[in-house]
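What follows is a short report on a single structure.
Rendered as structure tokens:
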């Protein structure tokens, strides 16, 4: 009994201690030291927002909350700096764990399957939006903010300011996740080399058109061929960079919209409908009906096979030989070493590491020798399709988390995405989620040193970049199939067609299991009857859609390039 009383007293003292030194004094110190002018709000509005957090957190002072995210620069800043600030200001102790992306999904799956509260909130990719909507194990944030979570929802949250809210909204019109960070995969190239008069002259003499940012894959291929093996600045140069090791990261390389860049799927922003960039088709009720061409899908259609063939050809012909044995993380730093002319599939998350002083790709004044631009598209691509991928790490509250813990975690999620903080956080991680942040003058000032990142995100072009959409009914189960199938093609064990035939068949096995189990109710899979490509193409055309498209006889179309500086000017006039 005495031990019980001592424990209870200690817990009470801990709770009191946790909250005794929390409040506006701590908030003002945080604003002085960490935020300053790097905010979308003026100082009075910052203090008002912090006062709201102080007041809303009072019922939860002394609680210890655990959240988790993958390890990237933005989340490191949250875990090391913002979590402590939140604890100091609110009295809620936050442990923000940083683990691998695959591990985040595994923990999330464990909680969904067991019902045990592993974490109080997750930052997981919005690629799981179709999973969360269909399984209904994540809190619907639209209703949560209006009802149970109303007392802990910041009146200044401003959902419409989040540039990725469409990514986390399900077909029912409800928001299931709150964006925390996002970054795109774009085209990266050596701006200095492309603007060298001698190189420009040689290129035009050989190919008959101007060297510039490639608009289509035919031009990309010509540029890769032109630069490959040349000597520039005393160094052998390669025309392309990628990676090919049979590893889970190879799966992201393709689920991250590679097929749509080739022209797979249907028109539609943020995702193709009724066939998305994974090649999965849904019916009018958003029920997945197939992945293979035989059921009206496009995972193994001509556009998808073309995309794999080009990937394999370019990796073998124009990338450094060691690239074929590299993973995503191993290949990432290579362009910064100064021997790569261009890269089709480059994540803007690498920007911060690509602008460091002293790198071969950075000028003495700190400006980059490279630029990023919209990705070129393949021969099957049509205007109105998505053109690339955005990773949108987003806050998710599972229903198995007790209400009080979910409320405390929701306060932290809003704190790290708040207008007070987001400009500063975005300067650290360069992963933009708010329009008010993109509009901030500090990014106009910094733009010349970021190689086109700000120009892209302020442009209308960014709308064509989006994460995986709602056609994918179980992201964790389906995503793991991709790296194994593509790995077989990359290693030479299978042709591109054989690999994609195998992939779509494996995806349909998962869809069939979900259909039989009935676990996703009337929005779960309902597989269609099988017919040939010509049948499904005719049905698509009749309905005013595209996928699956018939094979194009000449997959090497006329190459097109555009001057980078003129491209940026055209954005600014829109």
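In mature numbering (1 follows the signal peptide of the UniProt record, and there is no 0), the protein residues as written are -22 to -1, 1 to 552.
Quick reminder that beta carbons are idealized off the backbone N, C-alpha and C, glycines included.
Computed from a prediction, not measured in an experiment: that's the story for all the values here.
- Pairwise C-beta distances place the segment 40 to 58 in contact with the segment 69 to 81, as three or more of them are shorter than 8 Å.
- Residue range 453 to 469 is occupied by the alpha helix (DSSP H) that includes residue 458.
- Between residue 198 and residue 533 the beta-carbon gap is near 13 Å, outside 8 Å, which marks them as no contact.
- In this structure, the CA atom of residue 323 is about 32 Å from the CA atom of residue 136.
- Distances from the CA of residue 174 to each of 385, 319, 498 were compared; the closest alpha carbon is that of 319.
- Contact between residue 259 and residue 279 fails: their C-beta atoms lie close to 11 Å from each other, not under 8 Å.
- Under the three-state reduction of DSSP, residue 47 is assigned to strand.
- Counting only the Cα atoms, residue 218 lies some 33 Å from residue 252.
- Secondary-structure assignment with DSSP links residue 321 through a beta bridge to 166.
- In the DSSP assignment, residue 17 falls outside any alpha helix (DSSP H), carrying neither H nor E.
- The three-state reading of DSSP puts residue 358 in coil, since its state is none of H, G, I, E or B.
- Spanning the alpha carbons of residue 449 and residue 478 requires a straight line of approximately 18 Å.
- Here residue 177 is buried. Its C-beta has 16 or more other C-beta atoms within 10 Å.
- Boundaries of the beta strand (DSSP E) around residue 267: 266 to 268.
- The beta-carbon distance between residue 169 and residue 349, rounded to whole angstroms, is 4 Å. This is short enough to meet the 8 Å contact definition.
- Nearest neighbour of residue 365 by Cα position, chosen from 255, 338, 261, 377, turns out to be 255.
- Secondary structure at residue 366: strand, using DSSP grouped into helix, strand and coil.
- Per the coordinates, the alpha-carbon of residue 489 lies some 26 Å from the alpha-carbon of residue 529.
- A contact between stretches requires three or more CB pairs, one per stretch, nearer than 8 Å, and the segment 126 to 134 fails this requirement with the segment 89 to 99.
- In this model, residue 206 and residue 483 are separated by some 37 Å (Cα to Cα).
- Short of 8 Å from the beta carbon of residue 188, and not among the five residues preceding or following it, lie these beta carbons of its own chain, in chain order: 178, 181, 182, 539, 541.
- Counting C-beta atoms within 10 angstroms of its own C-beta, residue 441 has fewer than 16 neighbours from the protein chains shown and is therefore classed as exposed.
- Between residue 160 and residue 369 the beta-carbon gap is near 6 Å, inside 8 Å, which marks them as a contact.
- The beta-bridge partner set that DSSP reports for residue 214 consists of 209.
- Annotation: residue 350 is outside any alpha helix (DSSP H); the continuous beta strand (DSSP E) that includes it extends over 349 to 351.
- Taking C-beta separations shorter than 6 Å and ignoring five residues to either side along the sequence, the partners of residue 463 in its chain run 477, 480, 481, following chain order.
- Fully contained in the segment 54 to 136 are the following beta strand (DSSP E) runs of length 3 or more, in chain order: 71 to 77, 99 to 103.
- Collapsing the DSSP output to three states places residue 160 in a strand.
- With respect to the C-alpha of residue 527, the residue from 521, 362, 535, 512 having the closest C-alpha is 512.
- Taking 8 Å as the cut-off, the beta carbon of residue 403 is found no closer than this to the beta carbon of residue 109.
- Looking from the CA of residue 317, the closest CA among 339, 326, 293, 30 belongs to 339.
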